[in-house]
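All residue numbers for the sequence shown refer to our numbering, where the first residue is 318 and numbers rise by one.
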Amino acid sequence: MPFQDPNPLSNQVPKTDTATIMLFEFLNIALVLGGLIMFYKLMKRLDLSALTRNISLFMMATTLMFVFLAGGINYDNLLFLVAMSVFYFFVKFMQTRTLKSLLSLLILLVIAGLTKTAFMPIAAVVFVLTGYFAFRSRKDIFSQVRGVLRLQKKQQAILGVLLILLLAFGGLFVERYAVNLVEYGSVQPGCLQLHTHKQCSQWGVFSRRQKFESTPTTYEFDPSEFSIKWAQRMRFYTFSAIGHASFAETNLIKYGSYAFIGLMVIASIRKFDRREKEVNILLAISIFFILLLLAVNYFGAYMTSGIFGIALQGRYAFPVLPLLYAVGNHYVFKLLAWKWLKALYALFILVIFIPSGVIHYIFWTGKNWHTEYTPEIHHAIKENLRWFNYKVLKIFN
318 MPFQDPNPLS NQVPKTDTAT IMLFEFLNIA LVLGGLIMFY KLMKRLDLSA LTRNISLFMM
378 ATTLMFVFLA GGINYDNLLF LVAMSVFYFF VKFMQTRTLK SLLSLLILLV IAGLTKTAFM
438 PIAAVVFVLT GYFAFRSRKD IFSQVRGVLR LQKKQQAILG VLLILLLAFG GLFVERYAVN
498 LVEYGSVQPG CLQLHTHKQC SQWGVFSRRQ KFESTPTTYE FDPSEFSIKW AQRMRFYTFS
558 AIGHASFAET NLIKYGSYAF IGLMVIASIR KFDRREKEVN ILLAISIFFI LLLLAVNYFG
618 AYMTSGIFGI ALQGRYAFPV LPLLYAVGNH YVFKLLAWKW LKALYALFIL VIFIPSGVIH
678 YIFWTGKNWH TEYTPEIHHA IKENLRWFNY KVLKIFN
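Have a look at this one:
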């Protein structure tokens with residue numbers, strides 16, 4: 318590449334042999350499983366109830382677009398692991414104010430920035446808040462720094478490794494972004510800064526932008542109308558599978574999601590507790606990021622093209638979707654005081670999510686969704702699901 322890629326950890330995998338592709342797919346599955354584990358650890362550190370933890374983890378693991386991404390080769394899976402780790406160590410630092418948790422958090426923030434620039438707004442907010450809490454605890458942190466030499470050798474070695482990793486990843490972060498800023502004036506150089514117009518025209522995104530810039534733009538929606546349609550489309554793209562081929566969500570999750578989202582909003586308003594500092598900060602970060610996605614899509618895509626739906630994907634919210642699940646369920650279970658109501662809500666979540674995730678994916682996907690090495694067991698599973706559907710559930714008709 319003639320420039321420094323701002324996402325050096327997310328380069329596309331070249332066309333290669335089947336075994337290597339499968340290896341990368343299993344690696345991506347491992348990244349997702351690691352992210353789910355860190356999500357669960359985060360909820361435990363927030364001291365959320367076991368029911369909240371289990372239901373929230375289940376919802377994330379069976380969200381259809383998340384399932385679809387988890388089985389592919391992409392940097393979103395790495396970002397999910399890093400994002401959950403960032404939030405975990407951010408909460409841990411707020412609670413403990415230790416040098417070890419601070420170094421771990423800073424390393425993860427740098428890795429997140431190297432993985433995907435879209436995470437940078439969250440990283441910036443977390444960095445500023447971390448600086449604020451570190452400043453308030455500066456005497457304790459400086460005391461820990463001065464006491465490093467008195468620590469056991471194992472603890473000294475851990476801190477030393479963390480410091481080396483921070484310097485290494487920090488240097489890579491500065492080198493990648495600084496080179497682009499110095500040579501091209503931007504962390505992400507434009508195509509014409511690197512290639513000829515003819516070369517850039519072969520890139521579909523560039524051609525689309527050129528067409529929009531040369532065509533008079535008309536707008537169908539005002540900001541409020543756009544916001545409503547944007548929220549509806551984001552919900553649809555989260556519970557559907559959108560990729561090289563696409564299919565829609567189930568009716569169960571379509572209508573059920575409106576119910577649990579509405580209940581989460583009501584519960585969050587009714588049961589909001591100022592004393593739950595860590596929970597409220599994560600909720601605020603999530604809302605900030607969702608509103609930022611809305612603003613970027615409106616001003617960066619819709620106002621440029623006049624076309625609704627460009628650069629709009631439910632997966633863009635995945636770095637904070639687990640937090641919204643966890644905080645939302647936390648307040649819902651606080652609102653539902655009786656045990657039978659909590660059990661009924663949990664059963665409702667199971668009923669709408671189980672048929673709408675992996676089962677829905679296997680049931681509807683065909684040959685165009687799979688490569689030549691897809692096992693024959695996929696066909697057998699699908700046939701059994703079809704029989705179960707037609708004879709018992711009939712929910713996909």
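Note that CB positions come from ideal geometry on N, CA and C, so glycine has one too.
Please read these numbers as outputs of a predicted model, since none were measured by experiment.
- Under the three-state reduction of DSSP output, S373 falls in the helix class.
- As the crow flies, the alpha-carbon of H514 is around 50 Å from that of M411.
- Inclusion of V675 and T434 in the CB contact set at 8 Å is not warranted, their separation being larger than that value.
- With fewer than 16 other beta carbons inside 10 angstroms of its own, E500 counts as exposed.
- T335 is classed as exposed because its beta carbon has fewer than 16 other beta carbons within 10 Å across all chains shown.
- With respect to the C-alpha of R550, the residue from V399, L610, G507 and G617 having the closest C-alpha is L610.
- The three-state reading of DSSP puts I627 in coil, since its state is none of H, G, I, E or B.
- The distance from the Cβ of L416 to that of Q461 is about 4 Å, consistent with a contact at the 8 Å cut-off.
- I559 carries a strand assignment under DSSP once its states are collapsed to helix, strand and coil.
- Taking a contact to require three or more Cβ pairs closer than 8 Å, the segment 353–362 and the segment 619–628 do not qualify as touching.
- Where K433 is concerned, there is no enclosing alpha helix (DSSP H), because DSSP gives it neither an H nor an E.
- Residue ranges of uninterrupted beta strand (DSSP E) with 3 or more members are absent from the segment 445–528; none lies entirely inside it.
- Cβ-Cβ distances below 6 Å link Y405 to M355, K358 and L359 in the same chain, with the five nearest sequence neighbours on each side left out; the list follows chain order.
- Around the Cβ of M382, a 10 Å sphere holds 16 or more other Cβ atoms; the residue is buried.
- According to the DSSP secondary-structure assignment, F564 is paired through a beta bridge with A558.
- Taking a 10 Å sphere around the C-beta of D393, we find 16 or more other C-beta atoms and assign the residue as buried.
- In the structure shown, the three-state DSSP call for I390 is coil.
- Relative to A584, the option among R455, N646 and F665 whose CA is nearest is N646.
- Judged by DSSP in its simplified three-state form, V637 adopts coil rather than helix or strand.
- Our two residues, R370 and G502, have alpha carbons roughly 45 Å apart in a direct line.
- The Cβ neighbour count for S402, taken over all protein chains shown within 10 Å, is at least 16; the residue is labelled buried.
- When secondary structure is reduced to three states using DSSP, R552 falls in the helix class.
- Of all alpha-carbon atoms in F436, C508, L580 and P672, the one lying nearest the alpha-carbon of F635 is that of F436.
- Within the same chain, and ignoring the five residues on either side of V427 in sequence, the residues whose Cβ sits closer than 6 Å to its Cβ are F486, G487 and F490.
- Taking a cut-off of 8 Å on C-beta distances, the segment 582–596 does not touch the segment 664–671, as fewer than three cross pairs fall below it.
- Per DSSP, reduced to three states, the secondary structure at R587 is helical.
- Three or more pairs of CB atoms, one per stretch, sit closer than 8 Å, so the segment 384–398 contacts the segment 340–348.
- Bounds of the alpha helix (DSSP H) holding E595 are K594 to N614.
- Contact annotation: I424 and L476 have beta-carbon atoms that are not nearer than 8 Å.
- Taking a 10 Å sphere around the C-beta of S518, we find fewer than 16 other C-beta atoms and assign the residue as exposed.
- No residue range can be given for I671, since it is assigned to no alpha helix (DSSP H) and is classified by DSSP as neither H nor E.
- DSSP, read as helix, strand or coil, puts F538 in coil.
- Per DSSP, the continuous alpha helix (DSSP H) segment holding G351 begins and ends at T335 to R362.
- Measuring C-alpha to C-alpha distances from I602 to each of W681, D457 and F407 identifies F407 as the nearest.
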